[in-house]
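There are 2 protein chains.
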Amino acid sequence: MPDIARVARPSQLSETVSKTIEKWILDGVMAPGVKLPTEKTLSAEFGVSRAVVREAISRLKAEGYVSSRQGAGAFVEARPGQSSFRLADALDPAGPAATAHIFELRYIVETAAAALAARRRTTQNLARMREPLMRMRRAVAEQTDGTQADDDFHVAIAAATNNPALLRFIRFVGHQFFASRVPTWSAEGHAAGRAEAAQAEHEHMFDAIAAGDGCAAREAARIHMVEAARRIGINTDHWDPAPLAPWEEEALP
Amino acid sequence: MPDIARVARPSQLSETVSKTIEKWILDGVMAPGVKLPTEKTLSAEFGVSRAVVREAISRLKAEGYVSSRQGAGAFVEARPGQSSFRLADALDPAGPAATAHIFELRYIVETAAAALAARRRTTQNLARMREPLMRMRRAVAEQTDGTQADDDFHVAIAAATNNPALLRFIRFVGHQFFASRVPTWSAEGHAAGRAEAAQAEHEHMFDAIAAGDGCAAREAARIHMVEAARRIGINTDHWDPAPLAPWEEEALP
DNA sequence: TAGGCTAACTTGTCTGACAAGCAGATCAAT
DNA sequence: ATTGATCTGCTTGTCAGACAAGTTAGCCTA
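Line by line, the protein sequences give chains C and V.
Sequence positions in the first sequence follow the working numbering and run 1 to 253.
Sequence positions in the second sequence follow the working numbering and run 1001 to 1253.
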C-alpha cells in the first residue's frame, strides 16, 4: 500500500500556544533572558486554561527554548532552541531540495567516518561490520529485504570510529533515509540490479576498512554515497569530491 | 567570579516520571508501537497526580519518544528519540572526553564547509564573512572581546555553502563551543597572543574562500580547527588529516 | 545604612469534573 | 454468516479551583 498522506491533525490547543510562543522567541520579540508572562496572564491572553499553557511551556522547556524556576517564572534561554538539532522542522517541512541538502551532510560525515574507521577499527569492530554485511549478501542472493542490515552496516562503521558523538550523529542522519533505502531492496530494486550494485559498494568499503586503508575507505564510501544519492534521484554534480590526503594519493589505482 | 557548580535541582516530579518512562523505552521494555499505560494507571503507579503524568508525557512527545491520540492512548514512536539530535544528554553529561569527540565532529563538518564555501560563495556571501572578520580585527587591535564575531564568522562560512542543513548543523555544533572561545579572546588570550594567532588563521580561511580555492580553504580550516583544539587543550594526534583531492594537491605550496 | 521580615506573587502539584474521540461489543438487517 | 449501524465504556484533552513551595521586592527595625 502506498503511504497515505497523513491527514492534518485537528489543532491541539497546547500546540497552538507553544508554536505561538516559539515564534515570539525566534522572531526576537522575546529576547534571551527575559521573563515570559505569567501562566495566569498567558491563559487569559490565549483564552485557554492554565493547564494548556503549562503543557505548552513544558514542550518549550523540552526543546530548550525556555527554563522555569518555581516561584520566579519562566525565562527565555540564552541560546533558545540550540540544545537539540532537528532536520525536519515542523514549521518548514522538508521538501525534495531539503532531502538533497541533508544527504550532502550525510555524505560529508559518512566519508570521514569511513576513513577514521579504517584507522581505528578493532577486530571486534570488524566482526560487528561483517555480520550485517553477511545479512545483506544473503538478502541479495535470496532477493529479500536488506534495509535493516544496510542501516546496521553503516552504524557499525560509525561505531568503529570510536567517537560516540559521530556515531550518534550518523545514526541520526542515517535514520532520516531509512525509507529511502527501500527502493534499493524492493523487488524492483533486485530486478534492476540496484541491490547487487549497492552490495558491491559495501564490500569495497568493508575491504578497505579491514585493510586499514583510510584512503581507499574514504573513496569507497564516496562512491557508495554518490551512487546511493543517484539511486534515489539526487543530483550530486556540485558535491565536494570527498578528497584524499596528499600522501594517500599514490594508493589509488 | 568563577562559575559555581550548579546546585542539584530539587527533583521535579514530572521530570522523574518522564526520565523513568524514557528509560523504559530506551531499554526496550516498551517496544515501538506498543501502547503506554493509561494516564490514570501511571498516576496511580507513580503515586502522583494525573497533571504530573500529563506533563511528563508532554515532554516525551516533544522529544519524539511517544505520540498520543485523543481517545486512543499514547504510543511509543517507531524510532523513539530519533526525531532530534542532542549532544549533551541529560542522562550522560558531557565530560572532557566527550568534548574532544564533539570537536572532532565539528572539525569534520567545518573543513568540508570551508571547501564547499570556496566553490559556491557569492559576492554577497563574501561580504557577510568580511563583516565579522573586520570586527575580529578590531578586537585584536583593541584587545577586546571577539567571541561573538568569531561565532558569526564561522556561521557566515557555513551559509556560503548554500546548504541550509549544513548551516544549521554548524551553527548548532559551534554554539556548543561558544564558551570555549572565551579563553582566546580574554585579556590573557590577547596577552599570550592567542587572539592574534586565531585571527591570522581566520584571514587565511577568508583569503582562500574569496579566491575560490577549495583546496586551500580546506587546509586553512584544518589548521584553524587543529590550533583551536590545541588552544582549549584537546589532543588532535589521531585526527583524520582533513585531506585534499588529488587534483587539488598541486595547489599547495 | 544594613539586615531581617513580611506580604504578594509565581510556579508546582493536587483534585474533581466534563467534553471529545476511540475501540470493541451488541444487535439488527440483508 | 456477513455486513452495517449503534451503543457503551474507556482514554485523552480541557477546564476550574485550591493549596504547597519558592521567589521577589518593599517595608520595617536596629
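The C-beta atom is built at its ideal place from N, Cα and C for all residues, glycine as well.
query: Going by the beta-carbon positions, is the gap between PHE1085 of chain V and PHE103 of chain C smaller than 8 Å?; result: no
query: Report the option in C:GLY47, C:ALA115, C:HIS101, C:ARG79 whose CA atom is closest to the CA atom of GLN1176 of chain V.; result: C:ARG79
query: Grouping DSSP H, G and I as helix and E and B as strand, with all else coil, what is ARG121 of chain C?; result: coil
query: Contact defined as beta carbons within less than 8 Å: I believe VAL173 of chain C pairs with ARG106 of chain C. What is the distance between those atoms, to the nearest angstrom?; result: 5 Å
query: Look at the Cβ atom of VAL1076 of chain V, then the Cβ atom of LEU1013 of chain V, and state whether they are nearer than 8 Å.; result: no
query: Please confirm if the stretch 195–203 of chain C is in contact with the stretch 116–124 of chain C, defined as three or more CB-CB distances below 8 Å between the two stretches.; result: no
query: Please determine if the stretch 1129–1138 of chain V and the stretch 1218–1238 of chain V are in contact, where contact requires at least 3 C-beta pairs separated by less than 8 Å.; result: no
query: Since ILE108 of chain C contacts ILE1108 of chain V with CB under 8 Å, what's their CB separation in whole angstroms?; result: 7 Å
query: What is the residue span of the alpha helix (DSSP H) that VAL34 of chain C lies within?; result: It is not in any alpha helix (DSSP H) - VAL34 of chain C carries neither H nor E in the DSSP assignment.
query: Are the C-beta of GLU1034 of chain V and some C-beta of chain C separated by less than 8 Å?; result: According to the sequence provided, residue 1034 of chain V is Val. The question's Glu does not apply to it. No, VAL1034 of chain V lies away from the interface with chain C (no Cβ there is under 8 Å from its Cβ).
query: As a quick exercise: from C:ASN163, C:GLY146, C:PHE178, pick the residue whose alpha carbon is nearest that of HIS202 of chain C.; result: C:GLY146
query: Assign GLY174 of chain C to one of three DSSP states: helix, strand, or coil.; result: helix
query: Going along chain C, which residues have a C-beta under 8 Å from GLU1104 of chain V?; result: ASN163, ALA165, LEU166
query: Given that GLN1082 of chain V touches chain C, what residues does it touch there, using C-beta distances under 7 Å?; result: PHE172, HIS175
query: Name, please, each residue of chain V whose Cβ falls closer than 7 Å to the Cβ of LEU87 of chain C.; result: ALA1165
query: For GLY73 of chain C and GLN1148 of chain V, what's the separation of their Cα atoms in angstroms?; result: 28 Å
query: Which bits of chain V does ALA62 of chain C rub up against, with CB to CB less than 9 Å?; result: SER1018, SER1058, ARG1059, LEU1060, LYS1061, ALA1062, GLU1063
query: Could you compute how far the alpha carbon of ASP150 of chain C sits from the alpha carbon of LEU166 of chain C?; result: 18 Å
query: What is the DSSP secondary structure of ALA1220 of chain V, reduced to helix, strand or coil?; result: helix
query: Could you tell me the alpha carbon to alpha carbon distance between TRP185 of chain C and HIS101 of chain C, rounded to whole angstroms?; result: 23 Å
query: Run the CB neighbour count on VAL1226 of chain V, radius 10 Å, all protein chains shown included, and call it buried at 16 or more, exposed below.; result: buried
query: Would ALA1113 of chain V pass as a contact of ALA1158 of chain V if the rule is Cβ separation under 8 Å?; result: yes
query: Please check if any C-beta of chain V sits within less than 8 Å of the C-beta of ARG121 of chain C.; result: no
query: Are the C-beta atoms of GLU1055 of chain V and some chain C residue less than 8 Å apart?; result: yes
query: When you compare the stretch 1024–1044 of chain V with the stretch 35–53 of chain C, are there three or more beta-carbon pairs, one atom per stretch, that lie closer than 8 Å?; result: no
query: From the DSSP output, in three-state form, read off VAL52 of chain C for me.; result: helix
query: Could you name the residues that DSSP lists as bridge partners for GLY1073 of chain V?; result: V:ARG1069
query: For ALA51 of chain C, which residues in chain V fall below 9 Å Cβ to Cβ?; result: ALA1051, ARG1054
query: So what does PHE1046 of chain V bridge to, in DSSP terms?; result: DSSP lists no partner for PHE1046 of chain V.
query: Using C-beta distances below 6 Å, list every residue in its chain close to ALA90 of chain C, excluding the 5 sequence neighbours before and after it, in chain order.; result: Its pLDDT being 43, under 50, ALA90 of chain C is placed unreliably by the model, and nothing is read from it.
query: With 16 as the cutoff for other CB atoms within 10 Å, does SER1058 of chain V come out buried or exposed?; result: buried
query: Indicate whether at least one CB of chain C lies closer than 8 Å to the CB of ARG1231 of chain V.; result: no
query: Cα-Cα, which of C:GLN70, C:HIS154, C:MET134, C:ASN163 is closest to ARG171 of chain C?; result: C:HIS154
query: For chain C, is any of its Cβ atoms less than 8 Å away from the one on PHE1075 of chain V?; result: no
query: Pull up the distance between the alpha-carbon of THR144 of chain C and that of GLU188 of chain C, whole angstroms please.; result: 11 Å
query: Given a cut-off of 8 Å on the beta-carbon distance, is the pair ILE25 of chain C and ALA56 of chain C in contact?; result: no
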